[in-house]
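Asks: Numbering (my numbering), first residue to last: 426 to 983. Sending over a structure as structure tokens; questions will come in a sec.
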């Protein structure tokens, strides 16, 4: 994974080559994963020994070997200090269970080349190279089986800064590492992938990363090892044009998700994947819960990371956040597990999920007047709070919407869930800009303005080469009350992109500003006081690349 605080390294290092997803969203092997929604990512290895510090700098993580340019032999000496005697696989699984997480994915080998399992392909592993001499994957696999937890392995197939020939982002700082990558794949990757797939029981997920230098032939050779495992789920980062089962947005939530595809947001609780003793920038339980709900409402899964210490302890703040998330899920799990994404394009007061003929309304902003307006045209037969299922809520219905009368106080301080049972398929109005023609100031040869409103976040419009500014204009065909703007952008958090956008509306005489902001290149959703207009204009400015968008969405207030 990327080390997001070291921007000099991050700019391109993740190289998440997003190839075509090979598996259909409704493939039977994906059912358990789609129902699970919430998993634990574990970044753990010998990099936990320096705990983020090398020399005078304290902002390192799992990329410390690369970022600090530590020679291969010097880094290998850290294994002598890696003795996680407090590691208890069952306790880790219990933490995940209590959090409501349904699967775990642990780094079997990260980019430093150190294997967290006994390997015959290389003695640079936790059993042969450390005083600990225990196979972490073996113990975790046994604990997962005992407590009915799905287990997956992250494996760095390309970058490997220890073994000769392994891929390296940037320049190779140690000449002793230079070698033949094909030989590295043959001698290290293929045997180790075979080991982790055969020695630890049923492996649910194989999580690739950063395919630096991987050719089509190398990727296919690795992929051949997966053929005996038709139910194995893989992501889209193997490289070489080989597809996977999952889209993998990292450290951000896509504004629209990926309609029609399986996708998973992986995210840290602070600014690092691997343990950093100096990073206190922790997300709150409230932030994490709202992110979980947002992701699930868009049809995705949430893979939330912990970075254990070199002693084998999951940091206490992580455990506390996870415990509190689990307490919320005990009460509201029906609104998360086994659900589908929201039928509503946008809800100003929160999010929604669906399971059969029940919609779950996750209310972040409790209405002061006790009236929750829901833009649903269907007949509602029942409404109730998950916190008080026996008490029916009063519902009044009019054309195109319903109003639910709520108690004066929200039952939960983060997200209170209202369940509504309804008849038929959801009758919901599409966003007013959907499939409308957008006039653009310029475009490059590979893009089209129709991509801006086609509902597919994977297609994109870009301004002509060399342009730093762009103007987009849309006529909605009629005047609408608009109170939110969503932009899908094509970059990643580590791309170092800042794109300015200003939304304007035409009042019949002049263009007037609605909102102005700067994004980090990963998209945004912003609300504002409703504006009624037929014509809107978007001004973009980007100093690094020609302005670009995947989708431009305007949401109606009514």
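We put the CB at the ideal spot given by N, CA and C, even for glycine.
Below 6 Å CB to CB, which residues in the same chain sit around residue 925 once its five sequence neighbours on both sides are set aside?
Replies: 943 and 966
Asks: Between the region 636 to 647 and the region 598 to 618, do three or more beta carbon pairs fall short of 8 Å?
Replies: yes
Asks: What does the Cβ neighbour count give for residue 613, buried or exposed, with the cut at 16 atoms within 10 Å?
Replies: Residue 613 should be labelled buried.
Asks: Just reading off the alpha helix (DSSP H) that residue 755 is part of, what are its end residues?
Replies: Its alpha helix (DSSP H) spans residues 741 to 757.
Asks: For residue 438, does the count of other Cβ atoms within 10 angstroms reach 16, so buried, or fall short, so exposed?
Replies: Only weak support exists for where residue 438 lies, its pLDDT of 31 falling under 50; the value from the coordinates is given anyway. The residue in question, residue 438, is buried, as its Cβ has 16 or more Cβ neighbours within 10 Å.
Asks: So the beta strand (DSSP E) residue 783 belongs to, where does it begin and stop?
Replies: 783 to 788 is the extent of the beta strand (DSSP E) around residue 783.
Asks: According to DSSP, residue 777 sits in a beta bridge with which residue or residues?
Replies: 786
Asks: Run through the region 573 to 655 for me and flag every whole beta strand (DSSP E) of 3 or more residues, listed as ranges in chain order.
Replies: 575 to 580 and 630 to 632
Asks: Using the Cβ count rule (16 or more neighbours within 10 Å means buried), how would you classify residue 882?
Replies: buried
Asks: Does DSSP put residue 488 in a helix, in a strand, or in coil?
Replies: coil
Asks: Below 6 Å CB to CB, which residues in the same chain sit around residue 584 once its five sequence neighbours on both sides are set aside?
Replies: 536, 592, 635 and 637
Asks: Exposed or buried, which one is residue 902 when buried takes at least 16 other CB atoms within 10 Å?
Replies: Result: exposed.
Asks: Excluding sequence positions up to five away, which residues of its chain have a Cβ less than 6 Å from the Cβ of residue 546?
Replies: 613, 616 and 617
Asks: When you compare the CB positions of residue 786 and residue 845, do they come within less than 8 Å of one another, or not?
Replies: yes
Asks: Hey, is residue 866 close to the ligand SAM, as in C-beta under 7 Å from one of its heavy atoms?
Replies: Within the structure as shown, the ligand SAM is missing, as the structure has no ligands at all.
Asks: Between which two residues does the beta strand (DSSP E) carrying residue 570 extend?
Replies: It is not in any beta strand (DSSP E) - residue 570 instead sits in the alpha helix (DSSP H) that spans 561 to 571.
Asks: Could you check if residue 670 is buried or exposed, using at least 16 other CB atoms within 10 Å of its CB as the buried criterion?
Replies: Burial of residue 670 is indicated by the presence of at least 16 other C-beta atoms within 10 angstroms of its C-beta.
Asks: Secondary structure at residue 834, three-state DSSP: helix, strand or coil?
Replies: It is coil, neither helix nor strand.
Asks: Take residue 861 as the anchor and find which of 879, 851 and 763 has the nearest alpha-carbon.
Replies: 879
Asks: What number of angstroms, rounded off, separates the C-alpha of residue 582 from the C-alpha of residue 665?
Replies: 12 Å
Asks: Pick helix, strand or coil for residue 971, following the three-state DSSP scheme.
Replies: coil
Asks: Which residues share a DSSP beta bridge with residue 712?
Replies: Looking at the DSSP assignment, residue 712 forms no beta bridge with any residue, so it has no partner.
Asks: What's the call for residue 760, buried or exposed, on a 16-neighbour Cβ count within 10 Å?
Replies: With 16 or more neighbouring CB atoms inside 10 Å of its own CB, residue 760 falls in the buried class.
Asks: On the three-state DSSP scale, how would you describe residue 698?
Replies: coil
Asks: Assuming the contact rule is C-beta atoms closer than 8 Å, residue 707 and residue 742 should be a hit. Round their C-beta distance to whole Å, please.
Replies: 5 Å
Asks: Taking buried to mean at least 16 other C-beta atoms within 10 Å of its own C-beta, is residue 626 buried or exposed?
Replies: exposed
Asks: What are the boundary residues of the beta strand (DSSP E) that includes residue 807?
Replies: 805 to 810
Asks: When you compare the CB positions of residue 971 and residue 858, do they come within less than 8 Å of one another, or not?
Replies: no
Asks: By Cβ distance below 8 Å, which residues in the same chain neighbour residue 654 in space, the five residues on each side in sequence not counted?
Replies: 622 and 628
Asks: Roughly how many angstroms lie between the CA atoms of residue 497 and residue 589, to the nearest whole one?
Replies: 10 Å
Asks: When the distance is taken between beta carbons, is residue 750 closer than 8 Å to residue 797?
Replies: no
Asks: What are the start and end residues of each continuous alpha helix (DSSP H) run of 4 or more residues lying completely inside the region 496 to 542, in chain order?
Replies: 497 to 501 and 514 to 524
Asks: Quick one: what's got a C-beta closer than 6 Å to residue 512's C-beta in the same chain, skipping five residues either side?
Replies: 737
Asks: Which word fits residue 499, buried or exposed, when buried means at least 16 other C-beta atoms lie within 10 angstroms of its C-beta?
Replies: Classification of residue 499: exposed, given that the 10 Å Cβ count is below 16.
Asks: Just how far apart, CA to CA, sit residue 539 and residue 952?
Replies: If you draw a straight line from the Cα of residue 539 to the Cα of residue 952, it is about 46 Å long.
Asks: Is it true that the CB of residue 530 sits closer than 8 Å to the CB of residue 464?
Replies: Yes. Within cutoff.
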